[in-house]
């Protein structure tokens, strides 16, 4: 257990005991939501062990001394825990819970009422007229006749609005106004929507045409990227209508194969929508509160009036977005874009962002190119300037400029020297390590998934020990190499193609005098084992017993373990302004290959997924059906391919994907030598759909359109765009198929381009880069509203595995 210091009060969150009535259902966990994070100590709690989470929920339901609100799964045991606290308030006392999973009753995340709200357990604490509520256990200014003691099951904690007596007006509270004893609270009805329904939390689950909604956690019949676990701030529960992407109203995917998605008919609330503090001269965060009068785009184009449909037809009207201030032709952000924007009066330019100043005169978080940061942090990490944006438990970081889902004071304006750009891990307040607020409403903040620099393993090779001239017993040696393997003394004596090595002292079948036991007595050349007497960058090798092949490399695993998707050189993960990206660090994307003609001219990319297999785009192979027409180059950083680490391979077999798909496998004539410069990317799980807005990266030597870096491997990062959004008429207009995926910046500026085709789109998760896409096609390069399209690799995992096994 640990108690956080005073400077951490701003981030700490307490879990309060609440007392809802838990009803039976077919699934005893239906009423719970999975959460993670810290939990409070030094407050009353009850606990006991159960064999499964479901058993624990059943036992809690039968409990008479308290009402179940939270389950905790710790290691192999499952406990029920009951603790007095609330998810939405900052307190000090916490206990670290690094290996637990929590299940919390969903009522405590719900800020709306069903019926008259007797089960309301939210945290509203003001009345309709704006008066602050008196604490339920308080006696000033009013002595209450309804208290936590008189109504123990009503959860009368703090000063939160409640309805313990069934008042027909809904939740209420005693007020802090001596002249007004009590008043009802103004809380939204769960079954109506305010604004465009972004905060709708009701249970309507049929569309306007009567289609039944598909569960958000299901991928059948509709594949989609709105994954509840990856988008916890969107409350994608069950199959209820929701609005996670800025549509005019809540919607859902349907269970009908003929109808992918449709809006739901949800009535508008009669209560007043939440008020905002308008920003008249600048914009904070994404600019959703901007109400100024700028009406010109960044390129100087005049904005079209929101009420007009000329020259551009659109649905961003004040009727569809009543809370977004769509007045005249002023720049606004009605639909969660990066910053205020508008449709333009230019028929050739549908919309553009506006040049609205950022409040505090700070640059917008996505405009600067992220610098190359350390891959570890020194001291407490206050100086860390790397690109990590993921916490220790794998949660995405909230943008520092955003107040959703967590309001906070750690903004770029308040901490101008802390480099609080985008959602990158930082340490603005002198904590013990870099951290961030998370996008999970139930976990306010966590430390980030970054090592201290002094905790990283040393990469220095141990000194090479001299060996005796006589053969030595190598049975106890570990058969792996460190670095380039100059110190390797293991027993492997076959090349990577399986040919037996010639003894170093032998001159048959190959004559040689360069490397013998006599010329290099300290290099371990006593027998025919693979060695690296000349410190070849590609690792151990040997002369072979094949008369047609004088020498070849050996496949010796790295002692630290060469794992797919985990490069030895950490990438920049450039998310800056391929086209518009940045030059990569050499060998930081070791699965990237160059597909070339026989004359060694680069024309496409590809991804190493196995020592002898490359994945690329089928359209890259249109020039010839013959494998002999192609060469593959691995282990390079420059297009000229002059590096000593270069590996050349011929193609022995071409296997194209199913008809109508842009994917192909290339079998190398012999396996690649895997090392710290040549390494496969990991394949995704079968049928996995990358969640919307996941940050992913493309690499290649393709066309840069004058943005610099020609001849060097470039990289750029951008978010995945859900196919539903990508197929909108203003974007790619229905062209994207189910086995494809979109990624890019809607405003353009960064993209893959000609020459990048066939290359990888990898997404980072849990310390590993996973190959999610193969660069396929696009409408131009880096054009606004025309993101790139990639073949979705997860749809072809079975085909890949079967093809490799059979060939």
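Numbering (this note's numbering), first residue to last: 1363 to 2169. The C-beta atom is built at its ideal place from N, Cα and C for all residues, glycine as well. Model, not experiment: these values are computed from the prediction.
Residue i vs residue j beta-carbon contact at 8 angstroms
i	j	result
residue 2024	residue 1980	yes
residue 1536	residue 1506	yes
residue 1533	residue 1508	no
residue 1786	residue 1749	yes
residue 2057	residue 2081	yes
residue 1971	residue 2045	yes
residue 2105	residue 2053	no
residue 1955	residue 1996	yes
residue 1957	residue 1965	yes
residue 1576	residue 1614	yes
residue 1647	residue 1502	no
residue 1473	residue 1484	yes
residue 1578	residue 1590	yes
residue 1808	residue 1757	yes
residue 1842	residue 1719	no
Supposed contact pair residue j and residue i - C-beta distance, whole angstroms, cut 8 angstroms
i	j	result
residue 2022	residue 2161	At roughly 13 angstroms, the Cβ-Cβ gap does not stay under 8 angstroms, so residue 2022 and residue 2161 are not in contact.
residue 1714	residue 1661	6 angstroms
residue 1623	residue 1616	6 angstroms
residue 1861	residue 1908	5 angstroms
residue 2151	residue 2102	5 angstroms
residue 1798	residue 1759	4 angstroms
residue 1586	residue 2051	6 angstroms
residue 1606	residue 1596	4 angstroms
residue 1678	residue 1687	Wrong, their Cβ atoms sit about 12 angstroms apart, outside the cutoff.
residue 1890	residue 1864	6 angstroms
residue 2169	residue 2015	6 angstroms
residue 2172	residue 2159	Residue numbering for the chain in the displayed model covers 1363 to 2169; residue 2172 lies beyond these limits and cannot be assessed.
residue 1882	residue 1912	Going by Cβ atoms, the distance from residue 1882 to residue 1912 rounds to 18 angstroms, so no, they are not a contact pair.
Residue environment, residue i, which counts as buried when at least 16 other CB atoms sit within 10 Å
i	result
residue 2077	buried
residue 2122	buried
residue 1634	exposed
residue 1641	buried
residue 1867	exposed
residue 1929	buried
residue 2114	Note that residue 2114 scores a pLDDT of 47, beneath 50, so its modelled location is shaky; the value from the coordinates is reported in the next line. Answer is buried; the Cβ neighbour count reaches 16.
residue 2140	buried
residue 1672	exposed
residue 1696	buried
residue 1689	exposed
residue 1486	buried
residue 1743	buried
residue 1986	exposed
residue 1917	buried
residue 1639	exposed
residue 2085	buried
C-beta neighbour in chain D for residue i, strict 8 angstroms
i	result
residue 1551	Of the protein chains in the structure, only one exists, and it is not chain D.
Alpha-carbon to alpha-carbon, residue j and residue i
i	j	result
residue 1901	residue 1415	50 angstroms
residue 1951	residue 1422	50 angstroms
residue 1450	residue 1846	Reliability fails at residue 1450, whose pLDDT of 33 lies under 50, so the model's placement of it is uncertain and the value that follows must be treated cautiously. Cα to Cα, residue 1450 sits roughly 53 angstroms from residue 1846.
residue 2011	residue 2033	8 angstroms
residue 1629	residue 1555	6 angstroms
residue 1767	residue 1538	28 angstroms
residue 1962	residue 1993	7 angstroms
residue 2072	residue 1982	21 angstroms
residue 1777	residue 1790	7 angstroms
residue 1476	residue 1561	15 angstroms
residue 1910	residue 1936	45 angstroms
residue 1522	residue 1493	12 angstroms
residue 2017	residue 2028	6 angstroms
residue 2135	residue 1572	35 angstroms
residue 1764	residue 1775	12 angstroms
residue 1974	residue 1643	59 angstroms
residue 1805	residue 1588	20 angstroms
residue 1770	residue 2013	56 angstroms
residue 1504	residue 1563	34 angstroms
Hey, which unbroken runs of the beta strand (DSSP E) at 3 residues or more fall wholly within the segment 1765 to 1825? 1797 to 1799 and 1807 to 1809
What runs of the beta strand (DSSP E), each 3 residues or longer, lie entirely inside the segment 1589 to 1677? 1613 to 1615 and 1623 to 1625
List in chain order: all unbroken beta strand (DSSP E) runs of 3+ residues lying wholly within the segment 1969 to 2017. 1975 to 1978 and 1992 to 1996
Suppose only complete runs of 4+ residues qualify. What are the alpha helix (DSSP H) ranges in the segment 2034 to 2094, listed by chain order? If you keep only unbroken alpha helix (DSSP H) runs of at least 4 residues inside the segment 2034 to 2094, you get 2085 to 2088.
Which whole runs of the beta strand (DSSP E) in the segment 1858 to 1896 are 3 residues long or more, in chain order? none
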